[in-house]
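For what it's worth, this note's numbering labels the leading residue of the sequence shown as 86, then goes sequentially.
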Amino acid sequence: MIAIGTQYAWNLLAVTAMSVQCSMAGLSVAVARKSIGIEYPDMGSGRFSSKLTDEQWLEFNNVMRVHQNYVEGLPVATITTLVSGLFYPKLSAISGAVYILGRFIYGIGYANKGASGRMAGALILDAGLVTNLIASLVGIYHVLSKK
């Protein structure tokens, strides 16, 4: 049996913060769109972006990639944080915070230095993600092995 205690609120806070952070990355794309003049639905490779200088194109695509990568990774991060939190709420919340910190560093690095600037943040966010993935699997294993 799984009982959800009050500490689980930290896991809920972590996934809520992830969602807010992802939305903020989306707002960065909107700001870049407006300042450079790329209209929707151009994702950085369409007709509007073909009118940009190389520098503008790279700047926009770096910001866009930060957001897209977050959108791609958010389902795994939220699911593993919520599932692992059922078994190990403190560990899961801390790992979620590590993921959020890593995402912040990833975003700053990628936006300012391009793909090579993302590595420090990627290592940090992956540490939080892998920890929650393993904790999820271990917790599920323990529940299933008690039957």
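Backbone N, C-alpha and C fix where the C-beta goes; we use that ideal spot for every residue, glycine too.
**Message:** Do residue 171 and residue 89 have their beta-carbon atoms positioned less than 8 Å apart in this structure?
**Reply:** In the sequence shown, the residue the question calls residue 89 occupies position 4. In the sequence shown, the residue the question calls residue 171 occupies position 86. Yes, the Cβ-Cβ distance between residue 89 and residue 171 is below 8 Å.
**Asked** Hey, how far is the Cα of residue 169 from the Cα of residue 136?
**Response** Translated into positions along the sequence shown, residue 169 becomes position 84. Translated into positions along the sequence shown, residue 136 becomes position 51. The alpha-carbon atoms of residue 169 and residue 136 are separated by roughly 47 Å.
**Item:** Straight-line Cα distance separating residue 153 from residue 130
**Value:** Against the sequence shown, residue 130 aligns to sequence position 45. Against the sequence shown, residue 153 aligns to sequence position 68. Approximately 14 Å between the Cα atoms of the pair.
**Request:** Rank 107, 231, 93, 92 by C-alpha distance to the C-alpha of residue 185 and give the top, closest one.
**Result:** Position 100 of the sequence shown holds residue 185. Ranking 107, 231, 93, 92 by Cα distance to residue 185 puts 107 first.
**Asked** For residue 206, does the three-state DSSP call read helix, strand or coil?
**Response** Numbered from its first residue, the sequence shown carries residue 206 at position 121. Helix at residue 206.
**Rounded straight-line distance, which links the Cα of residue 228 to that of residue 161** = Here residue 161 refers to the residue found at position 76 of the sequence shown. Here residue 228 refers to the residue found at position 143 of the sequence shown. Taking the straight line joining both Cα atoms gives about 21 Å.
**Item:** Residue ranges of each alpha helix (DSSP H) within the stretch 91–153, 4 or longer
**Value:** 93–121
**Asked** Is there a Cβ from chain B that is less than 8 Å from the Cβ of residue 165?
**Response** Any reference to chain B falls outside this structure, which holds one protein chain only.
**Message:** Count Cβ pairs between the stretch 94–105 and the stretch 174–191 that sit closer than 8 Å; are there 3 or more?
**Reply:** Yes: at least three Cβ pairs fall under 8 Å.
**Message:** Can you tell me where the alpha helix (DSSP H) holding residue 198 begins and where it ends?
**Reply:** Here residue 198 refers to the residue found at position 113 of the sequence shown. 174–198 is the span of the alpha helix (DSSP H), which, as asked, contains residue 198.
**Request:** Tell me, to the nearest whole angstrom, how far the beta carbon of residue 102 is from that of residue 192; I am working on the premise that it is less than 8 Å.
**Result:** Within the sequence shown, residue 102 is the residue found at index 17, counting from 1. Within the sequence shown, residue 192 is the residue found at index 107, counting from 1. Incorrect: roughly 14 Å between the Cβ atoms, too far for contact.
**Item:** Simplified DSSP assignment, three categories, for residue 164
**Value:** Within the sequence shown, residue 164 is the residue found at index 79, counting from 1. Residue state, collapsed to three classes: helix.
**Request:** Run the CB neighbour count on residue 208, radius 10 Å, all protein chains shown included, and call it buried at 16 or more, exposed below.
**Result:** Start at 1 with the first residue of the sequence shown, and residue 208 comes out as number 123. The residue in question, residue 208, is exposed, as its Cβ has fewer than 16 Cβ neighbours within 10 Å.
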